[in-house]
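Shown next, in structure tokens, is the structure this report addresses.
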Amino acid sequence: MEHKKDHRIPVTVLIVYLGAGKTTVLNHVLNNRDGLKIAVIVNDMSEINIDADLVRDGGGLSRTEEKLVEMSNGCICCTLREDLLVEVERLAKEGRFDYILIESTGISEPVPVAQTFSYVDEENGIDLSSICRIDCMVTVVDAYRFWHDFSSGESLLDRKQAVGDEDTRDVVDLLIDQIEF
């Protein structure tokens, strides 16, 4: 039996609660990439993408082999989801990359991000499932802070980490969503 090679670009998504070490893990991967040409998409809720600066300064990117795409002032699981579709399609069609790594904001939920890769945007003619595939979803847990965050009883609004005033999610619910996926 002959196996067909999957030519779609593999994608890894890092979805981790704020401050748990996403950027550290991302920089470690970039510094140990074994010659792979990696495109990186960094999503930060703030207007200034601090995580992108940390990745750039972490020394893991070389201008000739990698590309850093910044997505700021919104979350790729909701307000920037269409932007994510467009960026991933553009990077995949460039044909320069072996892998796409996405560092999502610390308050994103994994299910909508994963669904982006099976969603067909008929209006814009984008079908990511034909050009890339989810290789893995990675969750990093800060073991030292986990129990404090899990048992805090606080909402994202209480911590001033909410997407907006209508974001009534509790910290514990977000942590569960990120870990269980």
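Those letters in the sequence shown? Residues 140 to 320, per our numbering, in order.
Cβ atoms here follow ideal geometry from the backbone N, Cα and C, with glycine treated the same way.
Neighbourhood of residue i by C-beta distance below 6 angstroms, restricted to the same chain and skipping five residues each side
| i | result |
| --- | --- |
| residue 316 | 248 |
| residue 310 | 288, 291, 293 |
| residue 266 | 259 |
| residue 201 | In this prediction, residue 201 scores a pLDDT of 39, lower than 50, which makes its location untrustworthy; the coordinate-derived value is nonetheless stated afterwards. No residues qualify anywhere along the chain. |
| residue 231 | 148, 270, 271 |
| residue 197 | Unreliable positioning characterises residue 197 in this predicted model, as indicated by a pLDDT of 44, which lies under 50. A coordinate reading is not provided. |
Neighbourhood of residue i by C-beta distance below 8 angstroms, restricted to the same chain and skipping five residues each side
| i | result |
| --- | --- |
| residue 150 | 227, 238, 239, 240, 241, 256, 271, 272, 273, 274 |
| residue 318 | 278, 280 |
| residue 321 | What the structure shows of the chain is the stretch from 140 to 320, and residue 321 is not part of that stretch, so it cannot be assessed. |
| residue 224 | 255, 258, 260, 263, 265, 267 |
Close-in-space but distant-in-sequence residues of the same chain around residue i (CB under 7 angstroms, 5 per side omitted)
| i | result |
| --- | --- |
| residue 308 | 294, 295 |
| residue 160 | 279, 281 |
| residue 268 | 256, 257 |
C-beta atoms of residue i and residue j nearer than 8 angstroms
| i | j | result |
| --- | --- | --- |
| residue 148 | residue 278 | no |
| residue 300 | residue 165 | no |
| residue 179 | residue 276 | no |
Residue range of the alpha helix (DSSP H) that includes residue i
| i | result |
| --- | --- |
| residue 164 | 161-170 |
| residue 148 | Premise fails: residue 148 lies in the beta strand (DSSP E), 148-153, not in any alpha helix (DSSP H). |
| residue 313 | 310-319 |
Original post:
Given 8 angstroms as the limit, is there contact between the segment 285-299 and the segment 166-174, that is, 3 or more CB pairs closer than that?
Top reply: no
Original post:
Any chance the segment 283-293 sits against the segment 239-256, with 3 or more Cβ pairs inside 8 angstroms?
Top reply: no
**OP:** For the segment 221-286, list the alpha helix (DSSP H) runs that are entirely contained and at least 4 residues long, ordered along the chain.
**Re:** 249-254
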